[in-house]
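Chains as they are written, first to last, in my numbering: chain Y, 1 to 791; chain D, 1001 to 1164. C-beta atoms are modelled at their ideal positions from N, C-alpha and C, and glycine is treated no differently. Predicted, not measured: the structure shown is a model, and the values here were computed from it. A quick write-up on the structure given underneath.
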Amino acid sequence: MSARNSATRTIRGEKNLQDITTAHPDGIGGSPLRPDGTLKVRGEFAYSSDLWHEDMLWGMALRSPHAHARILSIDTTEALTQPGVYAVMTHEDIPGSKYYGLEIQDQPALAFGKVRYHGEAVAIVAADHPETARRALAKIKVEYEVLAPITTEEHCQNPETFGYVHEPEEYRGHASGNVVHSQKVVSGLGVNDDVRAMADVVVVGEYEVGMQDQAFLGPESGLAVPAEDGGIDLYIATQWLHVDRQQVAPVLGLPENKVRLTLAGVGGAFGGREDLSMQIHACLLAQRTGKPVKIVYSREESFFGHVHRHPAKMRYEHGATRDGRLVYMDARIVLDGGAYASASPAVVGNASSLSVGPYEVPNVNVLAIAYYSNNPSCGAMRGFGAVQACFAYETQLDRLAAELGMDPVELRQLNAVSQGSHLPTGQVIDAPAPVAELLQKVKDLPLPPPLDTEHHLDIRELPGALSNTSHGEGIVRGVGYAVGLKNVGFSEGFDDYSTARVRLEVIGGEPVAMVHTAMAEVGQGGVTVHGQIARTELGVEQVTIHPANTEVGSAGSTSASRQTYMTGGAVKLAAEAVRNELFNLGRSRYGWTYNDLSLIGGKVVSASAGVLISMVDLLGDQAIDLTREHHHRPTVPFDKETGQGFGHVQYTFCAHRAVVDVDVELGLVKVVELAAAQDVGKALNPLSVIGQIQGGSTQGLGLAVMEEIITKDGKVRNPSFTDYLIPTILDTPPQPVEIMELADPNAPYGLRGVGEAPTLSSTPAIVSAIRAATGLALNRVPVRPEHITGT
Amino acid sequence: MRVTFNANGRPVEADDVWEGESLLFMLRERLGLPGSKNACEQGECGSCTVYLDGSPVCSCLVAAGQVQDREVRTVEGLADDENGLDPVQQAFIDAGAVQCGFCTPGLLVQTHDLLEREPQPSDSDIREALSGNLCRCTGYEKIMDAVRLASARKCSSNSSEVSQ
């Protein structure tokens, strides 16, 4: 214990918050070990794909080979006659609603009429063995009339010529035609000729971001078990149990209370589990067969089974004075939403409202728009609309610095927001915003030593590594910087509250706290933090984490960097309520009049009178069991025409410095070092915070130099880990991390959501470093070898 | 078909194995050993890594029938019942190398093998040895820390054994 981090930390912030000290080494500010760590290293942690039930069947989906086609007929006769097959279902067999969706219910649970993307589910089977199910799928005869896919911006903009993804009479989007959603932001004078005339220097660029995949390692999977009451118990890997239930129950024709969800082990998420995948299919098959049904996607099916990061095409124009002050920004951000809406409206909201980055720009004009198309559906992925914009505005800042002959870090610092700055939405940043300081921190870190192939040659450290493509010749080093702006929590008026239940009782002669929430632990370490909060607030040693399920109220989504803030905040509220109840028990029983009570080391302590009683003696056989909801401060929707509004809960900032070696002859890139600095408000668990920053930065590295789902005419060409590459340990460099802890006075413990910000600036910092090494423009990510060699 | 082999030091038998099944499927679905993970089923991710006769292999690429009469050791067989976790397992927990944990079983077997062969690997040795194991959560830094920690602990416990 003594070796663990138990340092006292002080929060600094606008309102000079009460100092919070770590009373317990495994309380907040410490780095206790994960409660699920031992199970995970022993191979005993039950992931959703590990579930097993007696009499269990295997479910599987038949998927469309076409990106756009009319379904003329589906014949399941032959599949049904295959021995071992228990059910074959199409849309005709759905007992309830045929549609579902996160924000707009526009996605059929099983396709009917048309298929709108390559891989859309058309029919499902349940069988006694996965191979039986596969063979049954091959016997389902679907007759398609293939239609021309709507895949480009030009197609989407001209439905009269190229057609509609959703027929006008079926259209459910927020806008019209093939537009899912659009959002403008206009501030200051907007951007017009008069404003342009105020700038001495103008840079204009067009940028592209490819379609990135979350590529979580644990494939979509779960087990649906029919219950005696006619309901379904679903054991599932998801990011938000309650929103899954809200979408599943209507399709099954069941009231929500008949659909009970329990979180199974989740093998990563990164946004890819916000939408439903196999949930409805497993439940439909279980309902139909009366048997438990398990569905586990293969990697290939996983690529078709979840949404991706929106590919973006962006035009940015910045004007600045000769001394480097930004005068205006004009931006148009076009996102390909794919076949169904998913989270596109919220992604558009983020892309538009965060489009300017962490800079003060007096005059702004922005349009962000998401189209429907016959490309794969896109929705949530870590960074959520802010990643695409960050690549564009950070590239612009580099170009502006070059144009002005300024140091790129100094230009950023000159224009950086700080506490009190107005963003283009009119929202004032009312918490610390140390953007200039974060940039300085990464800049001040020592640089890695230069490549020395004369005295030390290890090809594993070079671009190309073990492919033995270079022994140092043709390799040029570059350094680049970037910083980003991300929001925390759900925005635009959404009340994404969290619920927590805390129970305190004596077990085995010790006070024990139990924390029960519906929070999806997807690997981020929320369960560790919940234990830390309970220990800190209740002065107990022992904390048990109840399995996450729908027996307790919603915890909202494990996304938007929000869970420690929101559900952590709910655990804090519930624990505080339990503590007050315990004090009241002592007051009524012993007539205490102290107002200086706290719980330390299992005892009730008065600052003036010392130890009053042990919690064990005070509680006796009584349990205190309280549930609390945590709501963040309210936000409002952005004005449709101007984008004005207090739309975001909290802002978060991360800066990166990337050092790369580029083999300029072969176009291979080795990221040598990727340094990050981030303000986290308060590091509740420093070990986990650093893990989040390094993990997020690495996903940004993937987008910078390798990750892209390639489509041709709407068809996915690389749905495998052979062809869709994510960074390996050889591709990933040392990642020094600098943490700042400037408290946000509005947040529990002053904390700031951590998970997403590092994914933003990592990508442009790396590409900036490649530009520095090569002198190339590189306006598109991922940067591929041919972009560097020009071949 | 029936397949009999040794799993984690114990003789096991799987019945009704379809010829197309992998070692991974047989371990997970027929023998109650779901610790080895299926994340790609084509040998790209390393999540299913097990020892086969002492060599690490992707169990998704080994046909179930190929292990007849052979020795398989999975993540479930790394911990010693008497001494608890293997130093590699403990180091992964202590260093924060486990987030979602889906890649962990494969990485543990691969790291275990590396440290058996090379007790004090350089950073480049570690990166080379683990380059077939994908992790999506950690950015690998904490995994590097874990391997260095396991190496240091194993070496210090070996040297203290020698000095005694």
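Alpha carbon of G1020 (chain D) to alpha carbon of C1135 (chain D), nearest angstrom | One-based indexing of the second sequence puts residue 1020 (chain D) at position 20. One-based indexing of the second sequence puts residue 1135 (chain D) at position 135. Distance between the alpha carbons of G1020 (chain D) and C1135 (chain D) is about 28 Å.
Answer with yes or no whether the minimum CB distance from L1134 (chain D) to chain Y is below 8 Å.
-> What you label residue 1134 (chain D) is simply residue 134 of the second sequence in a count that begins at 1. Cβ-Cβ to chain Y under 8 Å: yes for L1134 (chain D).
Continuous beta strand (DSSP E) stretch holding I280 (chain Y): start and end = Counted from its first residue, the first sequence places residue 280 (chain Y) at position 280. Run containing I280 (chain Y): none in the beta strand (DSSP E); it sits in the alpha helix (DSSP H), 279 to 289.
Return yes when the Cβ of L1078 (chain D) is within less than 8 Å of the Cβ of D1069 (chain D), no when it is not.
-> One-based indexing of the second sequence puts residue 1069 (chain D) at position 69. One-based indexing of the second sequence puts residue 1078 (chain D) at position 78. No, Cβ-Cβ distance for D1069 (chain D) and L1078 (chain D) is not below 8 Å.
Residue of Y:L701, Y:T759, Y:A61, Y:M566 minimising C-alpha distance to E301 (chain Y) = Here residue 301 (chain Y) is taken as the residue at index 301 of the first sequence, counted from 1. Selected option, being the one with the closest Cα: Y:A61.
Count the other CB atoms within 10 Å of the CB of H471 (chain Y); is the residue buried (16 or more) or exposed (fewer)?
-> The residue given as residue 471 (chain Y) occupies position 471 in the first sequence. The residue is exposed, with fewer than 16 neighbouring Cβ atoms inside 10 Å.
What first and last residue would you give for the beta strand (DSSP E) that runs through G349 (chain Y)?
-> Sequence index remark: in the first sequence, residue 349 (chain Y) carries index 349 (1-based). Here G349 (chain Y) belongs to no beta strand (DSSP E); instead the alpha helix (DSSP H) covers 344 to 353.
Through-space distance from K313 (chain Y) to A772 (chain Y), alpha-carbon basis | Here the question's residue 772 (chain Y) lines up with position 772 in the first sequence. Here the question's residue 313 (chain Y) lines up with position 313 in the first sequence. Cα to Cα, the separation comes out at about 23 Å.
Residue ranges of each beta strand (DSSP E) within the region 607 to 669 of chain Y, 3 or longer = For the region 607 to 669 of chain Y, whole beta strand (DSSP E) runs of length 3 or above, ordered along the chain, are 610 to 614, 624 to 630, 650 to 663.
Measuring CB to CB, does H118 (chain Y) end up less than 8 Å from S64 (chain Y)?
-> Mapped onto the first sequence, residue 118 (chain Y) falls at position 118. Mapped onto the first sequence, residue 64 (chain Y) falls at position 64. Contact flag set, yes.
Are the C-beta of R1127 (chain D) and some C-beta of chain Y separated by less than 8 Å?
-> Mapped onto the second sequence, residue 1127 (chain D) falls at position 127. The beta-carbon of R1127 (chain D) is placed less than 8 Å from the nearest beta-carbon of chain Y.
Might you give, ordered along the chain, the residues of its own chain that have their beta carbon closer than 6 Å to the beta carbon of R260 (chain Y), omitting 5 neighbours on each side?
-> In the first sequence, residue 260 (chain Y) corresponds to position 260, counting from 1. Correct list, in chain order: D233, T550.
Buried or exposed: which applies to I11 (chain Y), given that a residue is buried once 16 or more other Cβ atoms fall within 10 Å of its Cβ?
-> Reading the first sequence from its first residue, position 11 is the one you call residue 11 (chain Y). Confidence at I11 (chain Y) is low in this model, with a pLDDT of 31, below 50, so its placement is unreliable and the value that follows should be read with caution. Counting C-beta atoms within 10 angstroms of its own C-beta, I11 (chain Y) has 16 or more neighbours from the protein chains shown and is therefore classed as buried.
Residues that DSSP places opposite N487 (chain Y) in a beta bridge | On the first sequence, residue 487 (chain Y) is found 487 positions in, with the first residue counted as 1. Note: N487 (chain Y) sits in a beta bridge opposite Y:Y651.
Just the Cα atoms here: how many angstroms apart are L751 (chain Y) and E738 (chain Y)?
-> Stepping through the first sequence from its first residue, residue 751 (chain Y) is reached at position 751. Stepping through the first sequence from its first residue, residue 738 (chain Y) is reached at position 738. Linking L751 (chain Y) to E738 (chain Y) through their CA atoms gives a straight-line distance of about 16 Å.
Could you give the residue range of the alpha helix (DSSP H) that holds C390 (chain Y)?
-> Along the first sequence, read from residue 1 onward, the residue named residue 390 (chain Y) stands at position 390. Where C390 (chain Y) is concerned, the enclosing alpha helix (DSSP H) starts and stops at 386 to 404.
Just the chain D side, please: which residues come within less than 9 Å of H306 (chain Y) by C-beta, in chain order?
-> Taking the first residue of the first sequence as position 1, residue 306 (chain Y) is located at position 306. Near H306 (chain Y) there are no residues of chain D at all, since even the closest Cβ is about 13 Å away, more than 9 Å.
Assumed close pair G489 (chain Y), A560 (chain Y) - CB separation to whole angstroms, cut-off 8 Å | The sequence position of residue 489 (chain Y) within the first sequence is 489, counting from 1. The sequence position of residue 560 (chain Y) within the first sequence is 560, counting from 1. About 5 Å separates the CB atoms of G489 (chain Y) and A560 (chain Y); that is less than 8 Å, so the two are in contact.
Ends of the alpha helix (DSSP H) at D1094 (chain D)?
-> Position 94 of the second sequence, counting from 1, holds the residue named residue 1094 (chain D). Segment 1087 to 1094, the alpha helix (DSSP H) holding D1094 (chain D).
Start and end of the beta strand (DSSP E) containing Y207 (chain Y)?
-> Taking the first residue of the first sequence as position 1, residue 207 (chain Y) is located at position 207. It spans 201 to 209 - the beta strand (DSSP E) in which Y207 (chain Y) sits, taken as one unbroken run.
Members of the region 186 to 215 of chain Y near chain D, C-beta cut-off 7 Å = For the region 186 to 215 of chain Y, which is checked against every Cβ of chain D, the residues closer than 7 Å are A215.
Cβ shell of R1030 (chain D) (< 6 Å), same chain only, five flanking positions each side left out = Mapped onto the second sequence, residue 1030 (chain D) falls at position 30. These residues qualify, in order along the chain: A1014.
Expressed to the nearest angstrom, what Euclidean distance is found between the alpha-carbon atoms of I729 (chain Y) and T1049 (chain D)?
-> As a working note, residue 729 (chain Y) is residue 729 in the first sequence. As a working note, residue 1049 (chain D) is residue 49 in the second sequence. Each residue's Cα considered, the two are about 16 Å apart.
Other residues of its chain near I280 (chain Y): CB distance less than 7 Å, five sequence neighbours each side excluded = The sequence position of residue 280 (chain Y) within the first sequence is 280, counting from 1. Taken in chain order, the residues that qualify are Y100, A109, V248, V251.
Report yes if the CB atom of I475 (chain Y) is closer than 8 Å to the CB atom of V660 (chain Y), and no otherwise.
-> The residue given as residue 475 (chain Y) occupies position 475 in the first sequence. The residue given as residue 660 (chain Y) occupies position 660 in the first sequence. No.
Using beta-carbon positions only, say whether H306 (chain Y) and D275 (chain Y) come within less than 8 Å of one another.
-> Sequence index remark: in the first sequence, residue 306 (chain Y) carries index 306 (1-based). Sequence index remark: in the first sequence, residue 275 (chain Y) carries index 275 (1-based). The Cβ-Cβ distance between H306 (chain Y) and D275 (chain Y) falls below 8 Å.
Outcome for G586 (chain Y) when other beta-carbon atoms lying within 10 angstroms are tallied against a minimum of 16 | Numbered from 1 along the first sequence, position 586 holds the residue referred to as residue 586 (chain Y). Around the Cβ of G586 (chain Y), a 10 Å sphere holds 16 or more other Cβ atoms; the residue is buried.
Got a sec, what are the start and stop residues for the alpha helix (DSSP H) F303 (chain Y) sits in?
-> Residue 303 (chain Y) sits at position 303 when you count from the first residue of the first sequence. DSSP places F303 (chain Y) in the uninterrupted alpha helix (DSSP H) bounded by 299 to 305.
Residues bridged to K98 (chain Y) (per DSSP) = Reading the first sequence from its first residue, position 98 is the one you call residue 98 (chain Y). According to DSSP, which records beta bridges pairwise, K98 (chain Y) is partnered with nothing at all.
Taking V266 (chain Y) as the reference, which of D:Q1066, D:F1102, D:D1080, D:D1094 has the closest Cα?
-> The residue you call residue 266 (chain Y) lines up with position 266 of the first sequence. Comparing Cα-Cα distances from V266 (chain Y) to each of D:Q1066, D:F1102, D:D1080, D:D1094, the minimum goes to D:F1102.
Within-8 Å CB hit, T1004 (chain D) to chain Y = For the purposes of this step, residue 1004 (chain D) is taken as the residue at position 4 of the second sequence. Answer no: the Cβ-Cβ gap between T1004 (chain D) and chain Y never drops below 8 Å.
Beta-ladder partner(s) of C1058 (chain D), from DSSP | On the second sequence, position 58 is the one that residue 1058 (chain D) refers to. When beta bridges are read from the DSSP output, C1058 (chain D) appears opposite D:T1049.
Are the C-beta of V1075 (chain D) and some C-beta of chain Y separated by less than 8 Å?
-> Taking the first residue of the second sequence as position 1, residue 1075 (chain D) is located at position 75. Answer yes: the Cβ-Cβ gap between V1075 (chain D) and chain Y drops below 8 Å somewhere.
Quick one: is I369 (chain Y) near chain D, going by C-beta distance under 8 Å?
-> In the first sequence, the residue the question calls residue 369 (chain Y) occupies position 369. For I369 (chain Y), the answer is no, since every Cβ of chain D falls outside 8 Å of its Cβ.
Should W52 (chain Y) be labelled buried (16 or more other beta-carbon atoms within 10 Å of its own) or exposed?
-> Within the first sequence, numbered from 1, the residue matching residue 52 (chain Y) stands at position 52. Per the 10 Å Cβ criterion, exposed.
Simplified DSSP assignment, three categories, for R1070 (chain D) = Here residue 1070 (chain D) refers to the residue found at position 70 of the second sequence. The three-state reading of DSSP puts R1070 (chain D) in coil, since its state is none of H, G, I, E or B.
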